[in-house]
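To start, the structure itself, in structure tokens.
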Amino acid sequence: MTTVLAIETSCDETAAAVVRDGRELLSSVVSSQIALHQPSGGVVPEIAARAHLEQLPTVVAQALEVLPGGLDDIDGIAVTRGPGLIGCLLVGTSYAQALAAARDLPIVGVSHLAGHVYSAWLADVTLEPPFCALVVSGGHSECVVIEAHGRAREISATRDDAAGEAYDKAARLMGLPYPGGPVIDALAKEGDMSRFRLPITRLEDGLSFSGLKTAVRYLIRDLPSGSFDDQGQLAPQLARDIAASFQHAVITQLGEALERAIDASGAPAVALVGGVAANSGLRAEVKRRCEGLQVAIPPMALCTDNAAMIGAAGWNRVAVHGWDAHAFDADPSVREFA
Ligand code: KG4
Ligand code: ZN
Numbered sequence: 022m023t024t025v026l027a028i029e030t031s032c033d034e035t036a037a038a039v040v041r042d043g044r045e046l047l048s049s050v051v052s053s054q055i056a057l058h059q060p061s062g063g064v065v066p067e068i069a070a071r072a073h074l075e076q077l078p079t080v081v082a083q084a085l086e087v088l089p090g091g092l093d094d095i096d097g098i099a100v101t102r103g104p105g106l107i108g109c110l111l112v113g114t115s116y117a118q119a120l121a122a123a124r125d126l127p128i129v130g131v132s133h134l135a136g137h138v139y140s141a142w143l144a145d146v147t148l149e150p151p152f153c154a155l156v157v158s159g160g161h162s163e164c165v166v167i168e169a170h171g172r173a174r175e176i177s178a179t180r181d182d183a184a185g186e187a188y189d190k191a192a193r194l195m196g197l198p199y200p201g202g203p204v205i206d207a208l209a210k211e212g213d214m215s216r217f218r219l220p221i222t223r224l225e226d227g228l229s230f231s232g233l234k235t236a237v238r239y240l241i242r243d244l245p246s247g248s249f250d251d252q253g254q255l256a257p258q259l260a261r262d263i264a265a266s267f268q269h270a271v272i273t274q275l276g277e278a279l280e281r282a283i284d285a286s287g288a289p290a291v292a293l294v295g296g297v298a299a300n301s302g303l304r305a306e307v308k309r310r311c312e313g314l315q316v317a318i319p320p321m322a323l324c325t326d327n328a329a330m331i332g333a334a335g336w337n338r339v340a341v342h343g344w345d346a347h348a349f350d351a352d353p354s355v356r357e358f359a
């Protein structure tokens, strides 16, 4: 029995979790910085790193409350080493390495992307490789095949803006608050997606959302006068229809990419992971396109950034590669999915 303390600080959530043998989630604590970054409409790296520094000891202490012996009951530490914002990653990796050294515990550095992939493996105990994973977050949109634990093949990768980034930028253009994904998702439910024809990008081996973002910018620029009220807010039905048309373009592109990955790999199972996997339209689209396959979509709390997924991915990484040396670098450009 291995009980792991997992730590995640790659972007704007300070998170810690206790995970036993990879799949038994004992606790998961997430302190979100959303309110802190809302005034600037996006994550400010320096502010994020400082907030991690302030929050991490409390978040770790809360996660450990579930164990009678606290830290004494921990057998190893898993920490996100990248990708992410370097200042934020350094807070988590330095804290974890210092803790491991002080308590003589083994440590493993984990890819945040593998973390998202393994959130599905954690949530669905019947999911095992091979499976296709659509990883859609604020920083990434990738379609990969997990061939085995420790072995992944990329099918489509982000060429420009990631899916979540596209949601956040479109929301900003529409005068909506950050993060844009949940707000657009809610508006889209009551909107008419056929009112505006926004471009659906179709690339053989990539994903791209910058053309769509530009189309939203021009659509809003060219709206007739009277479309905005005195406070600069879009007329309610107009906002819903733009949101629905935008969401349709995003989820169609993602759904088609996932289908290509399934065709290319023949994998019998699919995982939809990352912050954008919380999107209700995308969840429905993936289920519709993957009928007859096993579909694993984690609950909302495991879709957005959390440390439980880092514990699950870390446990599998240790099973394949063993624990890391005590000192390793944070690396913002890690591209490991398994
Ligand atoms: O995975 P995540 O928490 O952080 C990163 O690793 O980037 O993803 C955050 C992203 C944000 O861009 C946010 O707008 C998006 O996930 N998001 C959503 C929804 N909930 C969060 N996008 C679309 N629909 C949602 N319901
Ligand atoms: Zn993430």
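Count along the sequence shown from 1, add 21, and you get the number used in my numbering.
Glycine is no exception: its CB is placed at the ideal position from the N, C-alpha and C atoms.
Query	Result
Nearest-angstrom Cβ-Cβ length linking alanine 69 and leucine 110, presumed shorter than 8 Å	Not a contact, Cβ separation roughly 11 Å.
Any non-hydrogen atom of the ligand KG4 within 7 Å of threonine 325 CB	yes
Counterpart residues of glutamate 34 in DSSP-defined beta bridges	Ser53
heavy atom of the ligand KG4 below 7 Å from glutamate 75 C-beta	no
First through last residue of the beta strand (DSSP E) which encompasses arginine 174	172-179
8 Å contact criterion, which histidine 73 and valine 112 should meet: CB distance rounded	4 Å
Three-state secondary structure (DSSP) of serine 266	helix
Proximity winner among Val87, Ser177 and Val204, relative to arginine 281 (alpha-carbon distances)	Ser177
Any non-hydrogen atom of the ligand ZN closer than 7 Å to serine 53 Cβ	no
Span separating the alpha-carbon of arginine 338 from that of alanine 359	8 Å
Extent of the continuous alpha helix (DSSP H) to which arginine 124 belongs	107-124
Exposed unless 16 or more other CB atoms sit within 10 angstroms - verdict on glutamate 67	exposed
Whole-number beta carbon distance between threonine 273 and alanine 299, since they are thought to touch under 8 Å	No, alanine 299 and threonine 273 are not in contact; Cβ-Cβ is about 18 Å, not under 8 Å.
Alpha-carbon to alpha-carbon, leucine 46 and methionine 321	15 Å
beta-carbon glycine 296 near the ligand ZN non-hydrogen atom, thresh 7 Å	yes
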